[in-house]
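Numbering (the working numbering), first residue to last: 32 to 368.
Notes follow the structure.
Put into structure tokens, the structure is as follows:
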């Protein structure tokens, strides 16, 4: 999905849109579709049985959410009075202001804005084209980038990511680097979008450190058996009551078979390395409903048709990041020459 980015507003599905442009100050997608406000929430309480008569009663302490552009009440759970509502239009206007006064170069950028489900969730990606480097033999390009995620219904925490990500699959969130640049905060009174955006944008250290880390992964050797063991300890481990009692199969074999298959696909170009494993993992996290044929000749899919792709990608991205931060991954990383 991320390999093809439209040059104008495109409706991904009903109520979900994306826009590519080159101006950090262009927040038109969020201004046009992403304005959200609280509206009183009422319950219909019956007070007479025959005939049935109801009256609206204000629900104290909770509100519904309305799209200010369309006037439609959003199909989301109620939000409490303590919920810090950060609407997408205000958030990204502020993001543009902070970036304009920061250190990152803005003259040669690609910006991809996405808005999901009538304004419930939003995602902005900024690619800094002047901060680009080849990994390995130089053919696999990685650009410095920043990703901001927000929701107005508690489905996503407010998150800011920045640094060097693999560009080939347009993958989001999944990268090695300092934990401080993977910032996450709930929508409480303590939420400070300004501080998180500024922290992500005021330093280029993460670009250099993450680029060097990925170079290190190209030199870290990894056999198929080692990758399988790594998967069994992390993303493919089934943490159930049965496995905790040393009963049953502790491995998600379907997922492991697919990831081992993807690793084999990466080997001709990237070798038996952590870089090859990383690319296999990020391919899975990005391509959420790919068809593939296993060793048994049966065609399978990597996701469900009913999934919300952006939600699945977020979950998988977290899982992949847990793999790259695991003790086993760090040990193999440390063996690199």
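Ideal Cβ positions, reconstructed from N, Cα and C, are used throughout, including at glycine.
Open item on the list: To the nearest angstrom, how far is the alpha carbon of residue 355 from that of residue 339?
Closed with: 25 angstroms
Kindly confirm or deny that the region 114-122 and the region 130-138 touch, where touching means at least three C-beta pairs closer than 8 angstroms.
-> no
- May I ask which residues mark the beginning and end of the alpha helix (DSSP H) holding residue 130? 119-131
ask   = Buried or exposed: residue 74, going by 16 or more other Cβ atoms within 10 Å of its Cβ?
value = exposed
Report the start-end ranges of each alpha helix (DSSP H) in the region 41-118 that is 4 residues or longer and not cut off at the edges.
59-64
**OP:** Only counting runs of 3 or more residues, tell me where the beta strand (DSSP E) segments fall wholly within the region 302-351, in order along the chain.
**Re:** 322-324, 330-332
(message) Tell me the rounded alpha-carbon separation between residue 203 and residue 175.
(response) No answer about residue 203 holds up, because its pLDDT of 36 lies below 50 and its placement is not dependable.
- Task: Could you check how far apart the C-beta atoms of residue 166 and residue 245 are, in whole angstroms? I think they sit under 8 angstroms.
- Result: 5 angstroms
Q) Does the Cβ of residue 289 have 16 or more other Cβ atoms within 10 Å, making it buried, or fewer, making it exposed? A) buried
| request: Return helix, strand or coil for residue 375, following the three-state DSSP convention. | output: Nothing in the structure corresponds to residue 375, since the chain is present only between 32 and 368.
Check your understanding: In this structure, does DSSP put residue 191 in helix, strand or coil?
Key -> strand
Worksheet entry | Per DSSP, cross-strand counterpart(s) of residue 147 | 152
Out of 252, 95, 250, 283, state which residue places its alpha-carbon closest to the alpha-carbon of residue 263.
-> 283
Notebook entry, point to check: Is it buried or exposed for residue 208, if we count other Cβ within 10 angstroms and need 16 for buried?
Noted result: Confidence is the limiting factor: at residue 208 the pLDDT is only 37, short of 50, which leaves the residue's position unreliable, though a coordinate-based value still follows. When all chains shown are included, residue 208 counts as buried.
* To do: For the alpha helix (DSSP H) containing residue 363, list its first residue and its last residue.
  => 358-365
Are the region 89-106 and the region 144-164 in contact at 8 angstroms, needing three or more beta carbon pairs?
yes
*Limits of the alpha helix (DSSP H) - the one that residue 262 falls within*: 255-264
- Item | Same chain, Cβ closer than 7 angstroms to residue 120, neighbours up to 5 away in sequence not counted | 58, 61, 62, 65, 66
Tell me whether residue 300 sits in a helix, a strand or coil according to DSSP, three-state version. helix
- In DSSP terms, what residue 177 is bridged to: 157, 193
**Asked** How about the region 252-262 and the region 294-309: do they share at least three Cβ pairs that are nearer than 8 angstroms?
**Response** yes
* **residue 243, DSSP secondary structure in three states** => helix
query = By Cβ distance below 8 angstroms, which residues in the same chain neighbour residue 257 in space, the five residues on each side in sequence not counted?
reply = 363
Notebook entry, point to check: Exposed or buried, what is residue 49 when buried is set at 16 or more other beta-carbons lying within 10 Å of its beta-carbon?
Noted result: buried
Within 8 angstroms, strictly: CB atoms of residue 55 and residue 131: yes
- Query: Given a threshold of 16 other Cβ atoms within 10 Å of its Cβ, counted over all protein chains shown, does residue 123 qualify as buried or as exposed?
  - Reply: buried
Check your understanding: Distance, Cα to Cα, residue 353 vs residue 89?
Key -> 44 angstroms
Query - Cβ-based neighbour list, residue 42, same chain, cut-off 7 angstroms, excluding 5 preceding and 5 following - result: 48
What does the alpha-carbon distance come out to for the pair residue 268 and residue 300?
28 angstroms
Q.
Please classify residue 320 as buried or exposed, where buried requires at least 16 neighbouring CB atoms within 10 angstroms.
A. exposed
My assumption, with CB atoms under 8 angstroms, is that residue 173 sits in contact with residue 186. Please give the rounded CB distance.
Actually they do not touch by this definition, with Cβ atoms about 30 angstroms apart.
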